[in-house]
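Student: The sequence shown begins at 0 in numbering that gives the first Met the number 0 and counts up one residue at a time. Every residue, glycine too, gets a C-beta built ideally from N, C-alpha and C. No experiment lies behind these values; they were computed from the predicted model shown. The structure is given below, and queries will be raised subsequently.
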Amino acid sequence: MDFLLQIYQSVYTSFTDLNSRLAFFYLALTVLIVAFLWIMRGRPGSFVSYLLPKEVYLHKSNLVDIKIFLFNSFLSVLGLFTVVTMTPLILEILSVTLHERPRLSCL
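If you want it as structure tokens, here you go:
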């Protein structure tokens with residue numbers, strides 16, 4: 000149950016933290032800017048289709064971005080994001096600094 004609560008808190012924080020690009024404040028501001036542009040361009044089509052064009056949001060690259068975001072969020076909740084991302088970085092820094100590959104005791 001704690002795991003589900005952590006997932007909920009992670010998603011909730013991404014929409015409430017102003018350091019996140021998904022904060023409600025920024026999303027609302029974006030909708031206002033798009034509404035202004037939609038009106039200035041003579042209201043071409045419905046506002047929802049102008050705000051959320053299928054060509055953009057169902058594009059393969061956008062779907063990959065969504066999958067990466069969800070995967071990173073999942074790893075963060077599990078506490079594995081740092082392990083997965085930082086271990087190779089630290090090993091590379093050590094290999095450059097020591098001019099050789101560090102020996103791992105497990106290998």
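With distance defined between alpha-carbon atoms, name the residue in V82, N71, L50, L77 nearest to L36.
Tutor: What you label residue 36 is simply residue 37 of the sequence shown in a count that begins at 1. The residue with the shortest Cα to Cα distance from L36 is L50.
Student: Since V76 and S9 should fall inside the 8 Å C-beta cutoff, what is the C-beta to C-beta distance between them, to a whole number of angstroms?
Tutor: In the sequence shown, residue 76 corresponds to position 77, counting from 1. In the sequence shown, residue 9 corresponds to position 10, counting from 1. That pair is a contact at about 5 Å.
Student: Beta-carbon separation of L17 and Y25 under 9 Å?
Tutor: For the purposes of this step, residue 17 is taken as residue 18 along the sequence shown, with counting starting at 1. For the purposes of this step, residue 25 is taken as residue 26 along the sequence shown, with counting starting at 1. Result yes, Cβ atoms of L17 and Y25 sit closer than 9 Å.
Student: Whole angstroms is fine: what's the gap from I38's alpha carbon to E91's?
Tutor: Taking the sequence shown and counting its residues from 1, the one referred to as residue 38 is at position 39. Taking the sequence shown and counting its residues from 1, the one referred to as residue 91 is at position 92. Distance between the alpha carbons of I38 and E91: 52 Å.
Student: Please report the straight-line C-alpha distance between L4 and P87, rounded to a whole angstrom.
Tutor: Position 5 of the sequence shown, counted from the start, is the residue given in the question as residue 4. Position 88 of the sequence shown, counted from the start, is the residue given in the question as residue 87. Taking the straight line joining both Cα atoms gives about 30 Å.
Student: For S72, report the span of its alpha helix (DSSP H) as first-last.
Tutor: Mapped onto the sequence shown, residue 72 falls at position 73. Its alpha helix (DSSP H) spans residues 59-77.
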